[in-house]
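Trainee: Take this structure first; my questions come after.
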Amino acid sequence: MTVRRVVPNLHSEDPGKNGEFYSLLGLDEVMDLGWIRTLASPSNPTAQLSVMTGDATAPVHPHLSVEVDDVDAVYETVRKSGAEIVHPLQDEEWGVRRFFVRDPDGRVVNVLGHR
-10 MTVRRVVPNL HSEDPGKNGE FYSLLGLDEV MDLGWIRTLA SPSNPTAQLS
40 VMTGDATAPV HPHLSVEVDD VDAVYETVRK SGAEIVHPLQ DEEWGVRRFF
90 VRDPDGRVVN VLGHR
């Protein structure tokens, strides 16, 4: 398994306002789905953060996202470990396949791969 990036997901009632703030630090918007906005460094595109009001298709919002090269293999490894899956493995309309798992301290991790 290869980890491609790790992205903190900041909860906000106003992702637009936060997007404007983080642009002051040199981050550019690379995705805006309305409920989630992702910003990245122009010189290092894997240096990212997301600001979200909530998740569009999941019952909880994740604290961070981990993009991997084979999300199905990671899902099987996590499932077999007995870790709590809080959102099932599924394809999303915006082009990712993902699931959520709870870490030992209760944080929700969005594990995803691009299709």
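Oh and the sequence shown: position 51 is 40 in my numbering, straight run, nothing missing.
Even glycine gets a Cβ: it sits at the ideal position worked out from N, Cα and C.
#1: How would you label E2, buried or exposed, when you count the other beta carbons within 10 angstroms and need 16 or more for buried?
#2: In whole angstroms, what is the alpha-carbon distance linking D17 and A45?
#3: Around the C-beta of Q79, are 16 or more other C-beta atoms found within 10 angstroms, so that it is buried, or is it exposed?
#4: State the DSSP-derived secondary structure class of T(-9), mapped to helix, strand or coil.
#5: Taking three-plus beta-carbon pairs below 8 Å as touching, is the segment 30 to 48 in contact with the segment 68 to 82?
#6: Look up N99 in the DSSP assignment and say whether it is helix, strand or coil.
#7: Among all the DSSP beta bridges, which residues are the ones paired with P(-3)?
#8: Given this structure, state the Cα-to-Cα distance separating G8 from V75, to the nearest angstrom.
Mentor: Judging by the given coordinates:
#1: Taking the first residue of the sequence shown as position 1, residue 2 is located at position 13. When all chains shown are included, E2 counts as exposed.
#2: As a working note, residue 17 is residue 28 in the sequence shown. As a working note, residue 45 is residue 56 in the sequence shown. Each residue's Cα considered, the two are about 22 Å apart.
#3: Counting from 1 along the sequence shown, the entry for residue 79 is found at position 90. Under this definition Q79 is an exposed residue.
#4: Position 2 of the sequence shown holds residue -9. It is coil, neither helix nor strand.
#5: yes
#6: The residue labelled residue 99 in the question sits at position 110 within the sequence shown. Three-state result, N99: strand.
#7: Numbered from its first residue, the sequence shown carries residue -3 at position 8. DSSP, once it has assigned bridges, lists L53 as partnering P(-3).
#8: By one-based count along the sequence shown, residue 8 stands at place 19. By one-based count along the sequence shown, residue 75 stands at place 86. Approximately 28 Å, taken between the alpha carbons.
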